[in-house]
Amino acid sequence: MTSKMDVYAPCPCGSGKKVKFCCQAVLGEMDKVARLHETKQSAQALSVLERLAEKHPEAPIVFITRAQLLMEERRFDEAASTIRGFLKDNPDSSHGIGLLAYARFMDVGFQEAKPDIHRAFQICPQSSPDVIGSLASQIADDVFYSSSMSAREHLGLALRLTQDQEERQALFQELMRVDGSAEIPFPLRGVHSLEELDAPEGTEKDIKTATRLSALGCWEIAAKLFDKLNEKMPDNWALWKNIGLCRAWDANNSGAAEALRKASELAPSHEVAVECETIAQLLELSDVEGQMPVKAARYKLTSTSMTLSKLDDCDRAVRLPATKDQADANPKVVGRYLVLDFPAPPDDEEVRDDNVPTVQAEVSVFDLNTDDGAVGILSVIGSDGDARNEAMAVVEEDLKDLITNPEDDENHESDAPLYSESLVRSVLNELTQSQERKYYGTRLDLVQRREIAKQEGRDFVENKWCNTKLNRLGGKTPLEAANDPELKVKRAAALHVLESISDVAMLYSDGTELRKTLNIDEEAAYPVTEDTELNSLSVLESHRMPISELNDEQLGHIVHRALLIRHVPFAYKVLTEVSKRGVDRIQGIDTSMFQWTIAQVCRELGHHDEALKWLKEGRDEVEKGDNFEEKFQWAMREFQFRIENRSDPALPELIDHLWNFYGTKMPGIRDALEPALKELGIAIPGETASGLVLPDGSGAPAAAAAAPGEGDSKLWLPGQ
Ligand SMILES: [Zn+2]
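So the sequence shown is numbered by the working numbering: it starts at 58 and just counts up by one.
1. What did DSSP end up calling residue 553 once you bin it into helix, strand or coil?
2. Of all the options 657, 288, 680, which has the alpha carbon lying nearest to the alpha carbon of residue 259?
3. Confirm the yes/no value for this check: CB of residue 780, any heavy atom of ligand 1, distance under 7 Å.
4. Would the beta-carbon of residue 576 fall within 8 Å of that of residue 539?
5. Rounded to the nearest angstrom, how far is the Cβ of residue 354 from that of residue 437, given a contact under 8 Å?
6. Can you tell me whether residue 160 is buried or exposed, with buried defined as 16 or more other CB within 10 angstroms of its CB?
7. What residue range does the beta strand (DSSP E) around residue 435 cover?
8. Have a look at residue 678 and residue 656 and give me their C-alpha separation to the nearest angstrom.
9. Are residue 445 and residue 418 closer than 8 Å when you measure CB to CB?
10. Whose C-beta lies closer than 8 Å to the C-beta of residue 187 among residues of the same chain, with five residues either side of it excluded?
11. Give the range of the beta strand (DSSP E) segment to which residue 392 is assigned.
12. Are there any heavy atoms of ligand 1 lying less than 7 Å away from the beta-carbon of residue 118, as far as the coordinates show?
13. How close, in whole Å, do the beta carbons of residue 420 and residue 386 come, if the pair is a contact with beta carbons under 8 Å?
14. So is the beta-carbon of residue 333 under 7 Å away from any non-hydrogen atom of ligand 1?
15. Going straight from the alpha carbon of residue 120 to that of residue 63, what length do you get?
16. Below 7 Å, is the gap between the Cβ of residue 80 and the nearest heavy atom of ligand 1?
17. Between the Cα of residue 200 and the Cα atoms of 164, 306, 124, which residue gives the shortest distance?
18. Determine which residues share a DSSP beta bridge with residue 145 and list them.
19. Just to confirm, is the Cβ distance from residue 496 to residue 435 under 8 Å?
20. Beta-carbon separation of residue 69 and residue 118 under 8 Å?
21. Would you check if there are 3 or more beta carbon pairs closer than 8 Å linking the segment 520 to 540 to the segment 606 to 615?
22. Can you check which of these residues, 627, 668, 675, is closest to residue 640 by C-alpha distance?
23. Please indicate yes or no: does the CB of residue 68 lie closer than 7 Å to some heavy atom of ligand 1?
24. Can you find the residues in the same chain that come closer than 7 Å, C-beta to C-beta, to residue 402, ignoring five residues on each side of it along the sequence?
25. Please identify the residue among 65, 92, 91 whose C-alpha is closest to the C-alpha of residue 81.
26. Does residue 110 come out as helix, strand or coil in the three-state DSSP assignment?
27. Measuring straight from C-alpha to C-alpha, what distance separates residue 483 and residue 72?
28. Look at the Cβ atom of residue 144, then the Cβ atom of residue 138, and state whether they are nearer than 8 Å.
29. Among the candidates 85, 78, 304, whose CA atom is the shortest distance from the CA of residue 337?
30. As a quick exercise: from 321, 568, 730, pick the residue whose alpha carbon is nearest that of residue 514.
31. By how many angstroms is the C-alpha of residue 311 removed from the C-alpha of residue 346?
32. If we count Cβ pairs, one from each stretch, closer than 8 Å, do we get three or more for the segment 207 to 217 versus the segment 232 to 239?
33. Helix, strand or coil for residue 273? Go by DSSP, reduced to three states.
34. Answer yes if the segment 594 to 609 comes into contact with the segment 241 to 256, meaning at least three C-beta pairs across the two stretches below 8 Å, and no otherwise.
35. For residue 372 and residue 722, I'd like the C-alpha separation in whole angstroms.
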């Protein structure tokens with residue numbers, strides 16, 4: 058917005074016309090608006106714009122700017138009517154159409170704003186790619202919990218459109234995060250591609266249009282077009298699959314499940330049928346209704362420091378170790394606690410069935426100044442129900458002098474769900490009727506806790522799951538369904554669903570045994586040739602690949618994919634193949650990184666000794682060289698693993714080395730080690746020095762030890 062601009066340049070309103078023939082008359086006044094906006098005088102800016110709108114109804118920039126200012130003020134409804142008014146006279150303004158879609162989405166949400174959104178997706182990608190890209194990424198955020206496939210596809214769309222490099226980078230990261238998110242069952246993650254259709258005469262044009270609309274993100278319309286083709290190409294599994302995918306990308310889970318079931322019934326092979334059925338079953342599960350909502354009760358605080366010291370003294374609350382993320386978060390998290398159903402017994406009390414407390418809710422304390430004078434916010438987060446209510450009562454009682462709004466119902470019961478319980482946990486709830494999270498503190502080592510998890514996982518699968526009536530098996534239990542030939546595909550899919558929603562339960566149970574019990578055939582290998590487009594395979598397809606038959610280049614490719622998707626048993630299979638062939642043969646994989654990654658994968662699988670073997674190899678390797686930092690890093694890695702078993706005979710020597718060798722050379726090492734050792738009741742070798750934090754953020758053993766299930770699952774990433 059400047060009056061000194063070239064009058065033959067394109068007008069900043071986005072009309073595509075030159076300034077001289079568009080908004081020239083008002084550009085001087087617009088400078089004034091810009092200054093008012095810069096100095097945060099939005100009300101004045103808006104009133105100047107109102108005046109201008111009456112005087113110069115022909116200048117698009119007045120309306121566009123007004124709508125943008127209103128959106129900044131979060132007055133989306135008014136912004137939408139401003140643009141609508143403008144579009145009446147300028148129906149072809151693609152800038153206006155894009156902004157309208159944005160305002161409508163912010164105002165009424167994805168489902169209701171869809172006609173405006175899809176109009177914008179069709180008209181604006183070329184003229185306003187960034188507006189449309191940003192809209193698509195907002196939608197991805199919005200639908201993440203209800204429809205992960207839709208979230209991923211909207212992110213992909215945003216990435217295709219967005220021009221800004223920094224923004225692209227952020228979107229790419231987000232896409233990687235979604236693909237590796239444990240919140241999403243793995244068969245739904247990664248790419249899913251439309252099937253190529255054999256077009257009978259007279260259908261080419263419709264197929265082309267539907268495919269083009271799908272590429273533009275208009276999945277509802279694309280699905281309808283594909284659906285119409287059913288008249289001309291009946292009983293076509295690929296067509297049904299495309300309808301299913303488009304509906305899933307449109308966040309229509311139940312419609313997608315229905316279409317994918319049809320595809321499954323008509324599928325050309327058992328494996329294709331199973332994959333379609335698996336996705337259908339998972340999409341039905343992810344319909345939010347009936348899930349246990351996770352709620353956050355928020356309380357305003359008069360002092361955060363006193364809140365922390367009260368909670369520290371409360372015997373039902375356990376403080377969690379601080380992480381770097383919390384300090385960087387906005388608002389800043391100053392303390393995090395678990396509220397237990399009874400006080401945790403002392404660390405030296407032996408673990409029995411009746412003395413392990415259960416976590417009722419999680420409490421976070423934020424540093425945040427509110428308009429009404431509060432200096433902090435406390436939230437109690439947990440699955441809606443008695444346990445969280447009890448935790449809230451504990452907090453309210455303990456902090457009664459510090460909370461400014463304890464009786465304010467707005468702050469708890471009527472609060473809208475923060476998000477729905479993750480699919481993983483909600484399905485387990487369905488099956489186990491409980492979602493207890495045991496708190497062992499430091500009474501058990503992580504290796505022992507993993508053993509318990511292993512046992513519980515086995516019990517759960519063999520005794521509970523196998524005997525639970527499942528809708529997806531027509532109301533039969535997996536055992537009852539085992540010999541029903543009609544349910545062959547459905548029970549194979551049900552096993553995939555179990556594998557994907559219950560990593561913990563399945564990680565350790567023997568899949569081969571279970572397959573035998575349930576009479577599920579081994580799936581045929583996915584045929585791979587030199588020309589196979591590995592990038593377009595779905596996760597389930599890539600899991601069926603005959604790993605040992607891949608060439609080195611293909612194997613390297615699959616390694617990166619396996620690390621991105623983070624399905625542990627598959628990653629183990631792939632990495633083991635790499636180690637068989639020799640890491641040097643696989644391009645793009647660094648030996649040191651490989652050793653560290655496979656060690657972590659082994660740990661997650663509960664192969665503790667194998668993990669230590671890889672760690673030792675990695676450490677021996679760097680010890681031969683003279684890179685101080687690398688040596689230290691590997692020593693810390695080994696420490697991180699060995700500390701999981703406090704009776705590990707190699708631990709004392711390692712701690713001594715860290716303390717007395719690195720501790721004297723690097724400031725801060727001892728300060729970082731000391732609390733971790735203290736917390737685990739391990740003797741400290743020498744005197745303390747002062748310093749800061751560990752250079753390697755992952756080297757927070759205390760966090761890993763004290764927060765089971767959090768610290769120990771999310772460490773490995775490609776390129777980390
Ligand atoms: Zn203009």
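Even for Gly, the Cβ is constructed at its ideal location relative to N, Cα and C.
According to the structure data:
1. If DSSP states are grouped into helix, strand and coil, residue 553 belongs with the helices.
2. 288
3. The chain is shown from 58 up to 777; residue 780 falls before or after that span and cannot be answered.
4. Yes, they are a contact pair.
5. 5 Å
6. buried
7. 433 to 440
8. Taking the CA atoms as reference points, residue 678 sits about 14 Å from residue 656.
9. yes
10. 218, 219, 220, 221, 224
11. 389 to 397
12. Yes; taking the cut-off as 7 Å, the Cβ of residue 118 has a heavy atom of ligand 1 nearer than that.
13. That belief does not hold up - the Cβ atoms of residue 420 and residue 386 are roughly 15 Å apart, past 8 Å.
14. no
15. 22 Å
16. yes
17. 306
18. In the DSSP output, where bridge partners are listed per residue, residue 145 has none listed.
19. Result no, Cβ atoms of residue 496 and residue 435 do not sit closer than 8 Å.
20. yes
21. no
22. 675
23. yes
24. 412
25. The shortest C-alpha separation from residue 81 is found at 65.
26. helix
27. Below a pLDDT of 50, predicted positions are generally treated as unreliable, and residue 483, at 48, falls in that range; the measurement from the model is reported next regardless. Those two C-alpha atoms are separated by around 49 Å.
28. no
29. 304
30. Measuring from the Cα of residue 514, the nearest candidate turns out to be 568.
31. With a pLDDT of only 42 at residue 346, under 50, the local geometry of the prediction cannot be trusted, and no value is derived from it.
32. yes
33. helix
34. Yes, since at least three Cβ pairs between the segment 241 to 256 and the segment 594 to 609 fall closer than 8 Å, the two stretches touch.
35. 40 Å
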